[in-house]
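So in the numbering used here, spot 39 of the sequence shown is number 40, and the numbers just go up one at a time.
The beta carbon of each residue, even a glycine, is placed where N, CA and C say it ideally should be.
The model shown is predicted, which means the values in this text are computed figures rather than measured ones.
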Amino acid sequence: MTPEIIDKLYAGWISKAVGVRLGAPVEGWSFAEIRKVYGEIDGYVESYRNFAADDDTNVPVFLIQALDRLSAPEELTSQDIAHELMNASPYEHGFFWWGGYGISTEHTAYLNLMNGIAAPASGSILQNGSTVAEQIGGQIFIDVWGLVCPGAPEKAAVLAEKAARVTHDGNAVYGGIFIACCISIAYEENDVEEILKKALRFIPADCEYARVVRAVMQYHQENPDHWEQCFRYVLENWGYDRYPGNCHIIPNAAVIILALLYGKGDYDRTLNIGTMCGWDTDCNVGNIAAIIGVRGGTAAISYEKWLSPIQDLMICSGTLGSLNMQDNAQITDLLLRQVEKITGENAPEPLHSLIHQPQRLKHFEYPGSIQAMRARVSGPGALSVSHTRKKAFSGTGSLCIAGTSGNGLQGEIYQKTYYFPSDFSDSRYDPAFSPILYPGQTLRLAFLSEQEGTAVSLFVRDSRQGILQKSDSVSLSAGKWHELVWKIPADRGLALIDEAGLSLDRTAAGEIRFFLDDFYWTGTPDYEIRFERENLEDWRIGTHPGPHFEISQFTRWKGILFLENGELHLTGAGDSAAFTGDVLWKDYTVEAEITPLSGSGHYILFRAQGAMRGYAFGLCEGGAALLKNENGWRRLKSIPFSWEPGDRFSLRITVEGSSIRAQINGEAPLFFEDEENCCDTGCIGLFTTGNGHLKCSEIKVF
C-alpha cells in the first residue's frame, strides 16, 4: 500500500469532520439568510469549546464496524449493517434526528428494525413510501464506504448500496452510491468533472439523481464563472418546494455538484461555496469535503484554518460512553484496517502493526495528526502541540511540544479521558460519556527532551473532586527517548479520571522543545462507584438547549436513570439498560449491590459491546439466569434462587477468556463456558426486563 493512499484516507476523513463543523452553525438556513448574516464565508463561522456530536459523523463511525467484524468484505449484508445500527444507537435519543415515525427516515427505519422488519425492507419504498425513503440520509452517512475502496468504485458502489438500503431507497440509495464512488475515484482522478462523470456510471441514467447531476454539470459548462447564478438555477428548478419531506436528497445533491464544479478544485473555495448555498449545510459540505479532501490529500488542507480548531477530536453520541470520545487518527486506523481487507495490501510497517493494537494507541503516524492531545502551562511561559516527522520513538511521527519558559515552566501535555457539559458550547445530538481510563490501569508513553534540566512525571486528574495524582518525578537526559510507565493507584480516592498525561517541570528559561510518542494504557481497572459521589449532569447548554440530562459516568440505551438517596435507579417500560466502563475491558470481576423494586428481571451487564451485544447475569422469575445478547437476548443457563422485591442482593461476575463465573450473596454459583462467538471484551451496566425497576448502591470492578 502506498503512502499516498494512507495520506488521502486520513485527508478524506478529517475533511468530512471539517465540512460538518463548517456547515453545522447554518444548517437549515437559506442562501439569503446566510448572505445577510455572514456575507462571504471564508472559514468557520463559529468557535466551539469542543465540537459536540453530529449525526453526519456518528453514523459512519459506527456502521463501518460491521465490516470490521467480518474477515471477507463480500460477505457483508445490509442486515449486518442494520445490526450495527441497532447496537450503536440509543433508543430514540442521541445519534441521529428522532423526528418521529414517518417523518424522520432514520427514526422510521430504526423502529422498523427493532420491530422485526429486516434490512433492506426496513428502509424500502414498499415499506415506508417514497417521501420517507428518499430523504438525504442515504448519502450523508455514506463517505466511509468510498474511503475504504481507494480507486475501486465498483466495490464502493456495492458496499454503499448495502449500507444505504438499511434506511433508504430510490434516489437516496443512488445518491449514496454516487457519493461513495466519487470518493473512491478521487484517490486516482484529479479532474473534478471526470470524477463526477465516472461516478454517474454506477447509478441508473434515467433516475432523478442522475438528471440533477447532469443538469448542474451542463449549466456549469455553459456558465462557468458565477456560482450564485447557478444556485438561482438550482433554486428555480430543483428547490425544496419541488420535493416532499423535511430534507429531500435532490436539492442538496444539486448543491454538492455546484460546489464541486465552481470550487475549481480549490479546497477552501469548494467548502465555502457549499456552505453559502444553504439548506442541509453540514451534510452537504461533509460530503463535498470528503471528496475534495481525498482528491488533494493533506497537502491541500490549511492546518491552522481548518484542522487546528478541531484538535483531531471526534465526539460521538452512541450507546456506549467510552466510544463517544475518539480522535480522527483512531477512526482512520479503523478505516485503514478495512482498506487492507478490501485491497489485500497491508499498510507499511510499523503502521500495519500499530493499527491492529488492542488498546487506544496515540502513534501520531498520520500527517498533521495530534490525536486530541492538549498542552497548558501554569505561570509564565507557553506551550503548543503539533505533529512532526523530525523525531519518532516508533514509526515516522510524533507529537512535538514547543514553547518558551520564563523563569522556569510548569506545564502539562494531556488528553481528556472524560468530558463534562462545561467542555462544550452546545449539546448537539446529546453526547454522553463514560471514562476511558481508571485506577489500577497502567499508563505508558515515550518522551524525549532536547534540553537538559527537565523533570517529568505521569499524572491523572479527577477534576470533579480536585484530585491530582502523579508518578515519581524523573529527570531526563537530553536527546534520548525515555519510556515512562506508571500504574495508577487504586486506593487514592479517584472516582472519575477526566485527564491523563505528562507533567513538565523546568527551572531554566529559554526556548524548549520536547517529543511524545506511543501514549496508551493497559491493565484491569480497580475501582468502585459510590453513587453518593455521582451527580446529575445538566446538558441544557447553547443557544437552543433541549431537555438533556445524564448521570455522571453512565449512558442510557433505554429507560429512566436517576439518583435518589445515594443510589442509582433504572426503570422503564419493557427492557431498560444503562452502561458504564470501557468497551475494551477484557478479563475482570464486577460486583454490584442491587435491590429489585418491581418487574420480572434485574441484571448486571458485563462484556457489553452495545445495545445488542454482551452478557447479563441476575434475577429472573423463579431464580437467577445468565443471558447473552446477540442481536437479541437468549438464556444460556439458569439456576433456582428465591428472591423478593425490596431485598438487597450482592451480584458478582468474573470473566476470564471464555469462562464466566457468577454468584449471588456468595451463594448459588453459576459456571458457563461460552465457546460460540464469545464476546471477549466489553463494559458493564444495569439491565431490567418486564417493566423492571431496580436500584443500585455500589459497583466495584477489579
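Asked: Can you list, in chain order, the stretches of the beta strand (DSSP E) that have 3 or more residues and sit fully within the stretch 388 to 461?; Found: 399 to 406, 410 to 417, 443 to 450
Asked: So ALA625 and ALA669 are in contact, right, with Cβ under 8 angstroms, and what is the actual spacing, rounded?; Found: 6 angstroms
Asked: Using DSSP's beta-bridge definition, name the partner residues of GLU512.; Found: THR405
Asked: Cα separation between GLU341 and HIS545?; Found: 43 angstroms
Asked: By the DSSP assignment, the beta strand (DSSP E) with THR595 in it spans what residues?; Found: Correcting the residue identity first, residue 595 is Ile in this sequence and not Thr. 589 to 599 is the span of the beta strand (DSSP E), which, as asked, contains ILE595.
Asked: Can you say whether TYR528 is buried or exposed, counting buried as having 16 or more other CB atoms within 10 angstroms of its CB?; Found: buried
Asked: State buried or exposed for HIS364, treating a residue as buried only when at least 16 other CB atoms are found within 10 Å of its CB.; Found: buried
Asked: Is HIS694 near LEU537, with beta carbons less than 7 angstroms apart?; Found: no
Asked: Leaving aside the five residues before and after TYR102 along the sequence, list all residues of the same chain whose C-beta is less than 8 angstroms from its C-beta, in chain order.; Found: HIS108, THR109, LEU112
Asked: My guess is that THR271 and TRP558 are in contact by the Cβ rule of under 8 angstroms, so how many angstroms apart are they, rounded?; Found: Not really, about 39 angstroms apart at Cβ, beyond 8 angstroms.
Asked: Roughly how many whole angstroms lie between the Cα atoms of SER423 and THR581?; Found: 20 angstroms
Asked: Count the other CB atoms, across all protein chains shown, that sit within 10 Å of the CB of PHE672; report buried if there are 16 or more and exposed otherwise.; Found: exposed
Asked: What span of residues does the beta strand (DSSP E) with PHE232 cover, start to end?; Found: That residue, PHE232, is in no beta strand (DSSP E); its alpha helix (DSSP H) goes 228 to 239.
Asked: Determine the extent of the alpha helix (DSSP H) in which HIS108 is found, giving its start and end residues.; Found: 106 to 115
Asked: Do ASN692 and GLY600 have their beta-carbon atoms positioned less than 7 angstroms apart in this structure?; Found: yes
Asked: Considering only their Cβ atoms, is the gap separating ILE184 from LEU148 smaller than 7 angstroms?; Found: yes
Asked: Determine the contact status of CYS684 and ALA609, defining contact as a CB-CB distance below 7 angstroms.; Found: yes
Asked: State whether the stretch 504 to 511 contacts the stretch 399 to 416, with contact taken as three or more CB pairs (one from each stretch) at a distance under 8 angstroms.; Found: yes
Asked: Using three-state DSSP, classify GLU75 as helix, strand or coil.; Found: helix
Asked: Do you know offhand how far HIS483's Cα is from GLY611's?; Found: 38 angstroms
Asked: Check THR3 in the structure and name its three-state DSSP category.; Found: coil
Asked: Please name the residue or residues paired with TRP586 in a DSSP beta bridge.; Found: For TRP586, which the question treats as bridged, DSSP gives no partner whatsoever.
Asked: Going by DSSP in three states, GLU346 sits in which element: helix, strand or coil?; Found: coil
Asked: For GLU677, count neighbouring Cβ atoms within 10 angstroms of its own Cβ and tell me buried if that reaches 16, exposed if not.; Found: exposed
Asked: At the level of alpha carbons, what is the spacing between GLY543 and CYS248?; Found: 24 angstroms
Asked: With C-beta atoms as the reference, is ASP269 less than 7 angstroms away from ASP57?; Found: no
Asked: Would you kindly report the start and end of the unbroken alpha helix (DSSP H) that includes PHE644?; Found: Note that residue 644 corresponds to Trp in the displayed sequence, not to Phe. Counting along the chain, TRP644 falls outside any alpha helix (DSSP H), and DSSP gives it neither H nor E.
Asked: Which residue or residues does DSSP assign as beta-bridge partners of ILE552?; Found: LEU537
Asked: Grouping DSSP H, G and I as helix and E and B as strand, with all else coil, what is LEU562?; Found: strand
Asked: So TRP722 is in the alpha helix (DSSP H); what residue range does that whole segment cover?; Found: Here the chain covers residues 2 to 703 and nothing more, so residue 722 does not appear.
Asked: Starting from the N-terminal side, write out each stretch of the alpha helix (DSSP H) that is 4 residues or longer and does not extend beyond the stretch 332 to 377.; Found: 352 to 355
Asked: Decide if GLY494 is buried, meaning its Cβ has at least 16 other Cβ atoms within 10 Å, or exposed.; Found: exposed
Asked: Can you tell me whether DSSP reads LEU620 as helix, strand or coil?; Found: strand
Asked: With a Cβ-Cβ cutoff of 7 angstroms, do ALA12 and THR299 count as a contact?; Found: yes
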